[in-house]
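Novice:
In my numbering, the protein residues as written are 123 to 1336.
(1) Return the CA-CA distance between residue 886 and residue 804, expressed in angstroms with no decimal places.
(2) For residue 422, which residues in the same chain have their Cβ closer than 8 Å to its Cβ, ignoring the five residues on either side in sequence?
(3) Please say whether residue 911 and residue 371 have beta carbons closer to each other than 8 Å?
(4) Does the beta-carbon distance from residue 434 to residue 617 come in below 8 Å?
(5) Comparing alpha-carbon positions, which option in 603, 367, 1133 lies nearest residue 625?
(6) Are there 16 or more other CB atoms within 10 angstroms of the CB of residue 661, so buried, or fewer, so exposed?
(7) Taking only the alpha-carbon atoms, compute the straight-line gap between residue 870 and residue 851 and give it to the nearest angstrom.
(8) Which of the three DSSP states is assigned to residue 1151 in this structure?
(9) Please classify residue 1255: does DSSP put it in a helix, a strand, or coil?
(10) Is the beta carbon of residue 365 closer than 8 Å to that of residue 322?
(11) Bridge partners of residue 292, per DSSP?
(12) Could you tell me whether the Cβ atoms of residue 308 and residue 326 are closer together than 8 Å?
(13) If the criterion is Cβ atoms closer than 8 Å, does the pair residue 773 and residue 829 meet it?
(14) Does the stretch 224 to 236 come close enough to the stretch 182 to 198 that 3 or more CB-CB pairs lie under 8 Å?
(15) Please check the pair residue 84 and residue 1139, which I expect to be a contact at CB under 8 Å, by giving their CB distance rounded to whole angstroms.
(16) Can you tell me whether residue 1138 is helix, strand or coil according to DSSP?
(17) With a threshold of 6 Å on Cβ separation, who are the neighbours of residue 475 within its own chain once the five nearest residues in sequence on each side are excluded?
(18) Please work out which residues of its chain come closer than 8 Å, Cβ to Cβ, to residue 1014, disregarding the five sequence neighbours upstream and downstream, and give them in chain order.
(19) Mapping the DSSP letters down to three states, classify residue 188 as helix, strand or coil.
(20) Using the rule of at least 16 other Cβ atoms within 10 Å of the residue's Cβ for burial, across every protein chain shown, is residue 667 buried or exposed?
(21) Go through the stretch 962 to 1026 residue by residue and report every complete run of the alpha helix (DSSP H) that reaches 4 residues or more, in order.
(22) Under DSSP, the beta strand (DSSP E) around residue 149 begins and ends at which residues?
(23) Report the rounded CA-to-CA distance for residue 647 versus residue 686, giving the unit in angstroms.
(24) Are residue 301 and residue 276 touching if we call contact CB-CB under 8 Å?
(25) Which class does residue 591 belong to by DSSP, given the choice of helix, strand or coil?
(26) Using only alpha-carbon positions, find the residue among 291, 285, 298, 271 that is nearest to residue 278.
(27) Indicate the three-state DSSP secondary structure (helix, strand or coil) for residue 281 in the structure shown.
(28) Taking the straight line between their C-alpha atoms, what separation do you get for residue 407 and residue 426?
(29) Nearest-angstrom Cα distance between residue 1242 and residue 1130?
(30) Would you decide whether residue 1126 is buried or exposed? Buried here means 16 or more other CB atoms lie within 10 Å of its CB.
(31) Closer than 6 Å by C-beta to residue 1121: which residues in its own chain qualify, once you throw out the five before and the five after it? Chain order, please.
(32) Can you tell me which of 950, 839, 590, 438 puts its alpha carbon nearest to the alpha carbon of residue 858?
(33) Are three or more beta carbon pairs between the stretch 637 to 645 and the stretch 669 to 678 nearer than 8 Å?
(34) Which two residues bound the contiguous beta strand (DSSP E) that contains residue 713?
(35) Would you call the stretch 1039 to 1050 in contact with the stretch 1160 to 1171, where contact means no fewer than 3 C-beta pairs closer than 8 Å?
(36) Shortest alpha-carbon distance to residue 332 belongs to which of 654, 479, 349?
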């Protein structure tokens, strides 16, 4: 690259001059290239260890004049090719001009001005890129791609100087963190260390400090562990590693990781040596922490935060904390935990103004809301900018979200009832309301049973006043909350303090439970900003029949059947609508068991729409990944629970691990939030705490349950006994303050015992959990979740691998170990195709909802790479063409992707098949669909040789034709058709075994392609001469067989009389048959012609796609001359070859091939068996282990070149 001219005093220190002229010198730095001795080793090591700002490019060009000792550096380069290009430009453009000048100073001024002008022109075109990434970072990114063979699609996030421990010796170098890989490079005293690890292969990532590895980062994969230390800022590096590993785990789960990769980076201001991608990931991490802290929606983006104080009227004091501003909310969090938290939606804000500043209250801002609450923030550093940003966001707030009056700001939503007995179709007419006005085009008939309020209120038969002291206690709770509302505010803008948590722990009154669940979970905000959304989903979902709706129907009557609210159609219909609406909203989750139990409890206290938004908050924010097909979130929290048990209850943990109890109990506890294992009135109090505190409450209570039963559990001898103890304990956790009538708990019927165990007060259990385990922090739990997520997802991947191997083990001749190795290789290619492939999106390649066998799929480009690395039939430049045909043969559904089973099926035939199986596969590779119509001469000519009378379709058509008789015959035919289809169904269930008689005939064009492939296959074999002679003999024999067969199949039909019909088969029929006692000279002459034809074939460009130009290459004239010369053993064959070669492409497009000529597979097989070299070649077993070892020795990352560029290079080479 051209650089701004800089003065250089010592031109030869650590540099070697390679070229020179009177004005310029090209130099190479010692330690690069050949030679250099000890000085070169030291310089090379120094260049790697130093920071990029101090590192020097290996090549440079200096400008000098006459006898001057001052040199000017004008260009540098990382490769010889780059610097040579600059040198040649200088020689061709400047040397002649500089010779005209008389003054050395004028020469130097001219050169400096010319170089500065070139740099200015380059900067114009690179201005956009300069805004994104600094020059130093782009230099590091280019070096990463060069060192590790990365494609341009791979995005570098950041790079750090560190030491990599290889054995007991640390290697100082640079670690490069890209979106998909962790890479390390070191060059120390002549020894090079290169490491590439895919993030999707990481099973453990942790920061630790030991005597052997001081403050290091350990990166573990399934087979190895890597230690990195001596970071300048290990915390920042580790956080970035966590983010990238998390994105990789999302890629294994679903397509969000790939879509996130596609959207990076986002534009923002340039910072020195920091990539736009790194800044974007930092912003994402801040956004995630902000949303988790205040329970905000996933689309919320943090704009900024600043330190400030908040005046709290209830405490009559200023609280120090941070103010957060995002596109829809203003939030505050005190520096001291649980002191005060505040969320102000911009839709509720009426006035934002700057108050008068004073020494007591510097730089205050007052924010007023529609429900008459005013918040006073002070000590703001940049008050004017803050007020301007808030004003900008207020102007963008949609008018429809503004509401007044009700403190909950829910007036914009409408309940969406729908019929309980029959699905509501969108085609039904829209009825009007009581006043005759339609409600936004959507309204439900009031006669239909609808959950317009919590089901508990509808079915509360007894008057609470009849419960005496319990009702009084409930009234006191309600009064306490009313006082709290009066003092701290009510609704979404309420001050949330430690007093709020105390009230929650004492139990939320049933009349306020739905309202406060919506408030604390953040569901209220989503419902207020999406009016009418639930009604639309209900209309879309009702009437649909999917796998999710079938599972929902099956579980509807299993959802709290003991509660009278779900013993009638209204409760069941409400549950159905909520679950199907969510399945319609989130098809990725659809429906999962345990969602019905949680949703039924939500419906007891909330309306349908409120229950729906609470379910959204649960599934998508509060319990992430809990309710997907593999319950990954619950498994992750199970691992966290085991880790917490090991830390808090070490003695019990060891015993429970021996019994295997923790993994059994935790799933049922976490998935249903204790609702399925504890009496309803007690479990609902835990749900109260969960909506306020989050998942930490569930962990605390689970630990408290184990602690309370520790002595008894330590005496257990098996898993069943431990489960019985815990089950009976949870059955007897009671809520003595409930005003609801007692609900029988079905789980209690499964436990037995003569003496009833003592009752446990649920309030005492909650208090005990806070006293003993209240020190759990949300950030610590998130750190544990990350650690367990790597372990769980990789464990699921291992399970998937074993399942896939078991599924195809019986259909494949590969061993289990070989199949597992193939699966790992196939999966790696699949992941590459997802984030580097351009032919289709990641969603089309990766579908986690499919069975394990079909989840991972690769495209043609990936298959060609695997075929070239593992295939036994390598044909030189023809390999890609053969791989493409093999891919089309395996791609049964024609979607451009093949799964692992199809891939193994293709390989198994090449490695483990006998000669017949291998020849059958090779034969089919030269018939449609493997040989596409563009590659063959004509699809119509090829189609006439297919079997047409033996197919089941032909039988169906024949029987359908017979069914068009009279009435009685039709009735009889119907019976016959019924039995026929039963037989056909039974046959479909049986494994289909293809025989050699089922293979269609091969026409002349296809036979030519087969011969071409065989010649290319033998090119690198040690016995190639014997094989060439054998295939020449077989080809000649088959040509004559086809000619003879044509006379029988033609039945005296006239042959074409086209004068351009000068192909090899016709010539062979006219030429005399070779004598058995053929002379050695004639034989050697024939073989030399074969070798010549082979050389011509190898010059051909292998097509990767099926365009017209590539078809011409694939069926080029050289292939014709090769077959002709190699298959006819006669003296005048050279003349015939000239005739064939003269036939141009236009001539071939006409009638050039004998349409009546064809051969069968039996004839090919019989002809091959006559030649021992061919029999030995195809009977030889492939060495799979050697091929796999070669693959493993190759770099884990390969340069991905697009097929279009390959084709362009191929055209240039020809």
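Even glycine gets a Cβ: it sits at the ideal position worked out from N, Cα and C.
Specialist: Taking the coordinates as given:
(1) 11 Å
(2) 409, 412, 413, 448, 449, 450, 451
(3) yes
(4) yes
(5) 603
(6) buried
(7) Any answer about residue 870 is weak, because its pLDDT of 47 lies below 50 and its placement is not dependable; what the coordinates show is given next. For residue 870 and residue 851, the distance between alpha carbons rounds to 10 Å.
(8) helix
(9) Note that residue 1255 scores 33 on pLDDT, short of 50, meaning its location in the model is unreliable; the coordinates nonetheless yield the value given after this. In the structure shown, residue 1255 sits in a helix (DSSP, three-state: H, G or I).
(10) no
(11) 287
(12) no
(13) no
(14) yes
(15) Residue 84 is absent from the structure shown; the chain starts at 123 and stops at 1336.
(16) helix
(17) 488
(18) 1024
(19) coil
(20) exposed
(21) 964 to 967, 974 to 977, 982 to 992, 1001 to 1012
(22) 146 to 151
(23) 31 Å
(24) yes
(25) helix
(26) 298
(27) strand
(28) 13 Å
(29) Interpretation of residue 1242 is limited by its pLDDT of 33, a score under 50 that renders its predicted location unreliable; the figure taken from the coordinates is listed afterwards. Going from the Cα of residue 1242 to the Cα of residue 1130 covers about 7 Å.
(30) buried
(31) 1283
(32) 590
(33) no
(34) Per DSSP, residue 713 belongs to no beta strand (DSSP E) and is neither H nor E.
(35) no
(36) 349
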